[in-house]
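Written below as structure tokens is the structure these notes are about.
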Amino acid sequence: MLYKHLKKPFKEFKWRWASLTPSEGLNDPRVYLGVLRALRICEGKAASSNDVFVALKNVEDDLKGYLAQQQSLARDKDRNLLRNSQQYWSSLGLLRKTNPYIELTTFGKNVADGVITYKEFAEEVVNSLQLPNSKIESIDTRKKWIKANINLTPLKLILYILCGLNESSSDYAYLTNEELTKVVIPLSSVNASIVDYIEQLLEFRRDPNSVSTFEDFATGANDKRMSREFLLFLSFYGFVHIANPSASNLQQKFTLTQEGLNYIEGLGNDKKPELTLAQPNKVPDPDDVIKKIRPRKLVSVTHRPEQPKFRKDVLESSAGVCLISKETLKEVLRACHIVPVESLGSDDVGNGLCLREDLHILFDSGHLRIDTDGIVHLSKLASTSNSYKAFANLKVEIPEYVDKNCLAHRWKYF
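As structure tokens, then:
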């Protein structure tokens with residue numbers, strides 16, 4: 159069904175991520191997790207205390223050179239990050255309060271302590287984040303959403319739409335922030351079906367004037383920046399990637415990755431929306447969509463000539479022995495970056511560990527962490543596995559070639 163006229167159900171209707179004045183860089187997992195862990199250390203203290211100032215300043219200093227856009231976190235003792243931006247942590251259920259003292263939720267503590275990995279955190283947010291968000295919206299605003307009978311899980315909705323677009327045509331398997339503000343958000347005000355979103359988006363791409371009769375749903379000065387934060391979250395945590403990063407913020411194309419597809423595939427059939435388009439643009443049910451998409455390579459692989467040298471240097475420096483399991487079979491040993499290359503980690507041998515392949519996967523996914531004292535920490539999920547629970551709290555000797563600054567950086571920010 160194509161819509162011709164759509165109006166805001168009420169004046170305040172918008173997709174609000176956290177703050178009305180967004181700071182997109184705060185969603186970067188390194189900033190987000192670093193600040194969360196700083197808050198964890200400072201629990202029970204006033205937000206304006208010197209301890210909080212120092213903790214935030216340490217995060218700010220540690221991340222210099224690792225971020226495309228430097229973030230001002232500590233600022234000053236009276237006007238630090240928490241004064242205006244604490245909603246970024248409270249909106250996702252991690253921070254309970256900062257007044258009269260800082261208190262994290264149980265969920266927030268588990269994420270900060272690594273009991274829940276950052277990937278598990280991201281999946282929980284995708285699955286549970288709803289609009290209106292009761293953690294940040296006023297009672298009056300929430301009443302207006304309820305009266306209009308609108309309740310959304312926006313991140314999951316975006317992934318469903320991308321899945322449907324991918325099946326319609328791989329050439330159309332993207333979503334821009336312009337399309338989000340001009341098509342998706344307006345349709346969300348009438349609880350449109352997934353099919354309706356797909357048809358309207360395809361029509362918009364054929365004829366941008368097809369939504370000219372829609373009311374403008376992004377009239378506020380920061381509304382377009384706020385809507386983009388939903389796409390950025392999915393990008394930061396690997397559900398989508400930006401196909402044309404040099405384009406403007408409105409025109410960047412966010413496309414589904416294999417990880418995003420795997421998340422959709424992992425949902426039970428009862429949680430998947432029905433996809434049934436009228437001919438000739440028929441989109442089959444989600445299971446058929448997934449079966450057809452699966453053979454496609456949705457993630458690109460970048461050739462890195464430094465990788466063979468990095469592997470050689472790490473395996474030689476470690477004497478070809480897995481740091482944790484002590485495995486020596488070369489075929490299953492991997493050279494693991496401590497600080498990932500995509501996060502500006504180097505190919506220097508000091509940024510590498512020799513790990514058995516399965517332990518490498520656990521390390522990369524956050525299910526296995528190693529502190530600077532050489533203590534192995536497992537996530538709650540990994541600690542219940544018969545194959546890995548014996549490694550919990552194991553103390554290993556960090557090899558001399560390893561740069562402990564890299565280990566400390568990973569411990570704080572990944």
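Going by the numbering used here, the sequence shown opens with residue 159, and the numbers climb by one from there. Backbone N, C-alpha and C fix where the C-beta goes; we use that ideal spot for every residue, glycine too. For clarity, every value in this text was computed on a predicted model and none was experimentally measured.
Member of the options whose CA lies at the smallest distance from the CA of residue i
| i | options | result |
| --- | --- | --- |
| E489 | I496, L473, L502, I482 | L473 |
| L513 | T334, R469, D529, L194 | R469 |
| I199 | N185, Y259, S475 | Y259 |
| L225 | V534, V554, V499 | V499 |
| Q416 | S370, P466, F397 | F397 |
| N307 | S347, Q228, N551, K293 | S347 |
| S292 | Y330, S248, F521 | S248 |
| L526 | G418, S483, L333 | S483 |
| K235 | G503, P557, A205 | A205 |
| D335 | A376, T371, Q227 | Correcting the residue type first, residue 335 is Asn in the shown sequence and not Asp. With distances taken between Cα atoms, N335 lies closest to A376. |
| K467 | G202, S296, R492 | R492 |
| R233 | T256, N367, S327, N208 | N208 |
| T256 | Q410, R364, A477, K203 | K203 |
| S475 | Q410, P557, P403, N544 | P557 |
Own chain residues within Cβ distance below 6 Å of residue i, not counting five before or after
| i | result |
| --- | --- |
| Y546 | A540 |
| P442 | Confidence at P442 is low in this model, with a pLDDT of 37, below 50, so its placement is unreliable and no value can be given for it. |
| K314 | V284 |
| Y395 | A280 |
| T339 | A376, K382, S385 |
7 Å CB neighbourhood of residue i in its chain, flanking five on each side removed
| i | result |
| --- | --- |
| K450 | The predicted model places K450 with a pLDDT of 38, which falls under 50 and marks its position as unreliable, so this point remains unresolved. |
| K570 | G192, R195, D220 |
| R452 | For R452, the predicted structure reports a pLDDT of 39, less than 50, and the residue's modelled location is therefore unreliable. A value from the coordinates is still provided. Cβ neighbours of R452 beyond the five flanking positions: none. |
| E373 | L164, K165, K166 |
| P180 | N380, R383, M384, E387 |
| S393 | H399, I400, F412 |
| R568 | I496, V497 |
| E464 | D505 |
| W173 | L289, P312, I343, M384, S385, F388 |
| L178 | N380 |
| K440 | Bear in mind that the predicted position of K440 carries a pLDDT of just 41, short of 50, making it unreliable; the figure below should be weighed with that in mind. Answer for K440: no residue qualifies. |
| L252 | L194, L262, T263, F265, G266, V269 |
| E201 | I260, E261, L262 |
Check whether residue i and residue j have beta carbons under 8 Å apart
| i | j | result |
| --- | --- | --- |
| E387 | T299 | no |
| I343 | G322 | no |
| L408 | K382 | yes |
| I496 | L511 | yes |
| L164 | E361 | no |
| T413 | A405 | no |
| Y190 | E281 | no |
| L262 | L289 | no |
| F572 | Y246 | no |
| G524 | V560 | no |
| G287 | L250 | The question names Gly, yet the displayed sequence has Leu at residue 287. In this structure, L250 lies closer than 8 Å to L287 by Cβ. |
| I297 | A176 | no |
| Q227 | E218 | no |
Contacting residues, own chain, Cβ-Cβ under 8 Å from residue i (five flanking each side not counted)
| i | result |
| --- | --- |
| L390 | E182, N185 |
| D271 | R198 |
| R188 | L221, Y224, L225, S501, Y571, F572 |
| I448 | Unreliable positioning characterises I448 in this predicted model, as indicated by a pLDDT of 33, which lies under 50. The coordinate reading is nonetheless provided below. Cβ neighbours of I448 beyond the five flanking positions: C321, L419, I422, E423. |
| N238 | A205, S206, V210, F211, L214, L231, A232 |
| T486 | G478, V479, C480 |
| K302 | P167, F168, E170, F171 |
| R254 | S248, E261, L262, T263, G266 |
Below-8 Å beta-carbon distance, residue i vs any chain C residue
| i | result |
| --- | --- |
| Y259 | Checking the listed chains, one finds no chain C in this structure; it contains a single protein chain. |
Whole-Å CB distance - residue i paired with residue j, under 8 Å assumed
| i | j | result |
| --- | --- | --- |
| K538 | V273 | 5 Å |
| T530 | L565 | 5 Å |
| I356 | I304 | I356 to I304, Cβ: 28 Å. No contact. |
Closer than 7 Å: residue i CB and nearest the ligand COA heavy atom
| i | result |
| --- | --- |
| A226 | Of ligands this structure carries none, so the ligand COA is not represented either. |
What residue ranges within the region 260-307 form continuous alpha helix (DSSP H) runs of no fewer than 4 residues, ordered along the chain?
Whole alpha helix (DSSP H) segments, 4+ residues: 264-270, 276-286, 297-305.
Entirely within the region 170-258 and at least 4 residues each: give me those alpha helix (DSSP H) ranges in chain order.
Runs found: 187-199, 208-220, 239-243, 245-248.
Curious, which full-length beta strand (DSSP E) runs of at least 3 residues does the region 338-423 contain?
Correct list: 398-400, 412-414.
Extract the residue ranges of the alpha helix (DSSP H) inside the region 310-337, only unbroken runs of 4 or more that lie entirely within it.
Whole alpha helix (DSSP H) segments, 4+ residues: 312-326.
Ranges of the beta strand (DSSP E) found wholly within the region 461-543, counting only runs of at least 3
Those beta strand (DSSP E) runs which fall completely within the region 461-543 and span 3+ residues are 491-495, 510-514, 526-528, 534-536.
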